[in-house]
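Novice:
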Amino acid sequence: EAGVTQSPTHLIKTRGQQATLRCSPISGHTSVYWYQQALGLGLQFLLWYDEGEERNRGNFPPRFSGRQFPNYSSELNVNALELEDSALYLCASSRTLEAFFGQGTRLTVV
Amino acid sequence: GIQVEQSPPDLILQEGANSTLRCNFSDSVNNLQWFHQNPWGQLINLFYIPSGTKQNGRLSATTVATERYSLLYISSSQTTDSGVYFCAAGGSNYKLTFGKGTLLTVNP
Chain U
-11 EAGVTQSPTH LIKTRGQQAT LRCSPISGHT SVYWYQQALG LGLQFLLWYD EGEERNRGNF
49 PPRFSGRQFP NYSSELNVNA LELEDSALYL CASSRTLEAF FGQGTRLTVV
Chain X
961 GIQVEQSPPD LILQEGANST LRCNFSDSVN NLQWFHQNPW GQLINLFYIP SGTKQNGRLS
1021 ATTVATERYS LLYISSSQTT DSGVYFCAAG GSNYKLTFGK GTLLTVNP
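As you go down the protein sequences, you meet chains U and X in turn. Once you know that position 78 of the first sequence is 66 in our numbering, the rest is easy, because the numbers rise by one and skip nothing. Once you know that position 59 of the second sequence is 1019 in our numbering, the rest is easy, because the numbers rise by one and skip nothing.
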């Protein structure tokens, strides 16, 4: 059974641009979560999607947004990129409470 | 929200030694997970353990929910056990709050 897959693995963007990160959950999982791991800030909750709806949001500005598609895959969009958005972005999926994580997308903003 | 504290922040062991990592959480939880972050950044699931005791090979974990702590035991450590170990706790809102992690270094 395939795990959570994220793409791309690495992404380099210029300040002010937009970034789009993608996540495919484990088959049968309806919930997708996004977390940010920035240097020195630890792992912080960004967004939770379930059955196509945004269920919960962390303490991040509105330029962090996303969506979940009918096949339960998800996109995270970051607009007006800032240097401090450079981080590892981890996606997780779950069917119940236990979350399983993908390998992450490392976003670098220059 | 839930607060999660892990200790110790750093741990250095010789191969073959045993270790105990601790996770304290501030409120009752529906979810308690232990992860090992590999060198490429992926979080590898070790245990889903909101209460009770589980074992998987050389690793075991115990969560005492009433006292709001969880312990991860690593026996006969190997160099491949090196890395960062995270505890994460969640309540009814399905959001996981992570501790700052324990950086384990196992020397040959």
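Virtual Cβ for every residue (Gly too), placed ideally from N, Cα, C. Small disclaimer: the values here were computed from a predicted structure and weren't measured.
What residues of chain X sit near Ala68/U, judged by a beta carbon separation below 9 Å?
Specialist: As a first step, residue 68/U must be located in the first sequence, where it is residue number 80. Result: empty, since nearest Cβ-Cβ is about 25 Å, beyond 9 Å.
Novice: Examine the Cβ distances between the stretch 1032 to 1052 of chain X and the stretch 968 to 983 of chain X and report whether three or more of them are shorter than 8 Å.
Specialist: yes
Novice: Locate the beta strand (DSSP E) running through His(-2)/U, then write down its first and last residues.
Specialist: As a working note, residue -2/U is residue 10 in the first sequence. Here the beta strand (DSSP E) through His(-2)/U covers His(-2) to Lys1.
Novice: Chain X partners of Phe52/U, CB-CB under 9 Å?
Specialist: Position 64 of the first sequence, counted from the first residue, corresponds to residue 52/U. What Phe52/U touches in chain X: nothing, since even the nearest Cβ is about 15 Å away.
Novice: Three or more beta-carbon pairs under 8 Å between the stretch 77 to 84 of chain U and the stretch 2 to 15 of chain U, yes or no?
Specialist: yes
Novice: Could you run through the stretch 30 to 49 of chain U and flag, in chain order, every residue whose CB is less than 9 Å away from some CB of chain X?
Specialist: Gly30, Leu31, Gln32, Phe33, Trp36, Asp38, Arg43, Asn44 and Gly46
Novice: So which residues of chain U does Asn984/X contact, with C-beta pairs closer than 7 Å?
Specialist: As a working note, residue 984/X is residue 24 in the second sequence. Per Cβ cutoff of 7 Å: no residues; Asn984/X is ~16 Å from chain U at best.
Novice: Which same chain residues end up closer than 6 Å to Thr1065/X when comparing Cβ atoms and leaving out the 5 residues on each side of it in sequence?
Specialist: In the second sequence, the residue the question calls residue 1065/X occupies position 105. Excluding positions up to five away in sequence, the list reads Ile972 and Ser1042.
Novice: Going by the CB atoms, is the gap between Ala1049/X and Ile962/X shorter than 7 Å?
Specialist: Translated into the one-based positions of the second sequence, residue 962/X becomes position 2. Translated into the one-based positions of the second sequence, residue 1049/X becomes position 89. Their beta carbons are under 7 Å apart, which means Ile962/X touches Ala1049/X by this criterion.
Novice: When the Cα atoms are used, what is the spatial distance from Gly90/U to Gln974/X?
Specialist: The residue you call residue 90/U lines up with position 102 of the first sequence. The residue you call residue 974/X lines up with position 14 of the second sequence. Each residue's Cα considered, the two are about 31 Å apart.
Novice: What number of angstroms, rounded off, separates the C-alpha of Ser82/U from the C-alpha of Ile14/U?
Specialist: Locating residue 82/U in the first sequence gives position 94, counting from the first residue. Locating residue 14/U in the first sequence gives position 26, counting from the first residue. Spanning the two alpha carbons is a distance of roughly 8 Å.
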